[in-house]
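Working notes, beginning with the structure itself.
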């Protein structure tokens, strides 16, 4: 019983020390999904009819950077801008 009490007291002391001496993180918080809303809402080429939302979602399905940008800005559920900076297919060497 004494061992259990000793372990419990030491555990509580360690937890208390950890919570009181932990960095509070009062620095600037950057939201991972923060982005320039105007740039993302502005359609690339609304007058062009050669690009249409047809369900494609990935860079491997695109034939050009312009097509990827059109899909990212105008079509739902695209998965081409992993870091959400507005530049699709950054790591694709074809473009």
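Numbering (the UniProt record's numbering), first residue to last: 1 to 95. Heads up, the beta-carbon is just placed ideally off N, CA and C, and yes, glycines get one too.
The Cβ neighbour count for residue 76, taken over all protein chains shown within 10 Å, is under 16; the residue is labelled exposed. Here DSSP, grouped into helix, strand and coil, assigns residue 63 to coil. Under the DSSP assignment, residue 11 falls in the alpha helix (DSSP H) whose first and last residues are 2-20. Taking all protein chains in view, the Cβ of residue 56 is crowded by 16 or more other Cβ atoms within 10 Å, so the residue is classified as buried. Contact check for residue 83 and residue 59: beta-carbon distance about 13 Å, past the 8 Å limit, so the pair fails to qualify. For residue 6 and residue 21, the gap between their C-alpha atoms comes out near 22 Å.
Residue state for residue 77 is assigned as coil, using DSSP reduced to three classes.
Annotated three-state conformation of residue 95 is coil, per DSSP. In the three-state reduction of the DSSP assignment, residue 90 falls in the coil class.
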